[in-house]
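The sequence shown: position 85 = 85 (the UniProt record's numbering), numbered continuously. Below is one structure, written out as C-alpha cells; comments come after it.
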Amino acid sequence: MISTPRKKLVFGCRLRDTLGTKHDTDIADKTNETLYFSLERRRFTARSIFSIHQNNPSSSLSLSVDLKLKMRRASNSSKKTGQSNSTQNSDLYRSASSKASSKESERIDSLFYSYANGSTGSIDPEGIERLCADMEVDHTDVRILMLAWKMEAEEQGYFTLDEWRRGMKALRADTVSKLKKALPDLEKEVRRTPNFADFYSYAFEYCLTEEKQKSIDIESICQLLTLVMGSTFPAQVNLFVEYLKSQNDYKVINMDQWMGFFRFCNEINFPTFDNYDPNLAWPLILDNFVDWVREKQK
C-alpha cells in the first residue's frame, strides 16, 4: 500500500514554497509579478521626481516660493481684514459712546434748568430747596453739603451750570432719582480718611459768604461742627461746642483754629488728653479747651 505524504504548514517562507500544485504555482507567480511591477512603478515615480529636481532645481524651489507667497498673502489679507473689522468696531463703539454721552449731557443740562433761576442762570437757595424736596432730603442734611463739595461749588447756596455738570457727571446722575440713589455712595466717598480732611476744610471755606471774610462766628461754627463732624467724633464735638458757647474770649473761629480741632480729634486721646502737649504748635484756643475740660473733670 502506497502512502501519501502529508502537507506541512510552513510559516515564514515564500508563497511558492507553500503551494503544491502547478496551478497553484502559476497563481503564485502571477501574484508575485503583480507585486513586482507595482513596486517598480513606485520606484520609477520616485526616480522621476528626483531626476526633475536634479535637472531643474529652481522649478521645485519656485513652486515652494510661490506656495509660501500665496500663504503669506492670504495671512496678510486675513490680518488686514481683522484689523479693518477691529477698527470699524472701535469706531462704532466710540460713536455710540459719544452719542450716549451727548444725550446724558443734554439730560443733565435740562435737569439744571428745571431748578435754575431764569434771571441769574444758576440754581439759587430756592432751587436747592426744591431739589431737596424732590429728593425727599432735608436741605440741612450734610449730604447736600457733600454734593456741593463734589461739584466744587464756590458760593454757598448757589450752583452754576459748570459746577452742576461737574458733579452730575462724576455721580453719573442725570435724573433726580439717580441723584438720590447716588447720595449714600457719595457719603461713603467723603467719609474716607483722605477725602474727609478735604471736605472738612471745604466746609469752612464754603461758609465764608462775604468778600475777604476769614473767620466765622461762634454760633455758625457750632452748627457747622455738629453737621460735619458730629457723627464722626460726637463726644469731642459736643464738649467743644459746649466750651465755645460758655467762653467769652473768642467771638469767631478762623481756618487755623478750625483745622487745629480736626487734627486734635484725630491725634489726641479722649477724654484723658494724656498725650496733649501745649508746648507743641496747637492753637491757643485748644490749650484753653483742654484746661477747661480738666477743670470740669475734677
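Think of the CB as a built atom: it goes at the ideal place given N, C-alpha and C, for glycine as much as any other residue.
query                                                                                                             : result
Straight-line gap, F233 to W258 (C-alpha atoms, nearest Å)                                                        : 14 angstroms
Own chain residues within Cβ distance below 7 angstroms of V228, not counting five before or after                : V142, Y200, A203
Distance, I144 Cα to R192 Cα                                                                                      : 17 angstroms
Minimum C-alpha distance to F262 - residue among D291, N117, Y250, T226                                           : T226
Where the beta strand (DSSP E) through S215 begins and ends                                                       : 215–217
Distance between beta carbons of S114 and F159, contact taken as under 8 angstroms                                : The Cβ separation is near 13 angstroms, so there is no contact.
Reduced DSSP category for S119 - H, G, I as helix; E, B as strand; rest coil                                      : coil
Three-way DSSP call (helix, strand, coil) for N254 in this model                                                  : strand
Rounded straight-line distance, which links the Cα of D174 to that of E242                                        : 42 angstroms
L280 - containing alpha helix (DSSP H), residue span                                                              : No alpha helix (DSSP H) holds L280; DSSP gives it neither H nor E.
Cross-strand partners of F159 (DSSP beta bridge)                                                                  : I123
Alpha helix (DSSP H) segment containing P184, residue limits                                                      : 176–191
Validate contact between the segment 243–251 and the segment 275–292 using beta carbons, cut 8 angstroms, 3 pairs : yes
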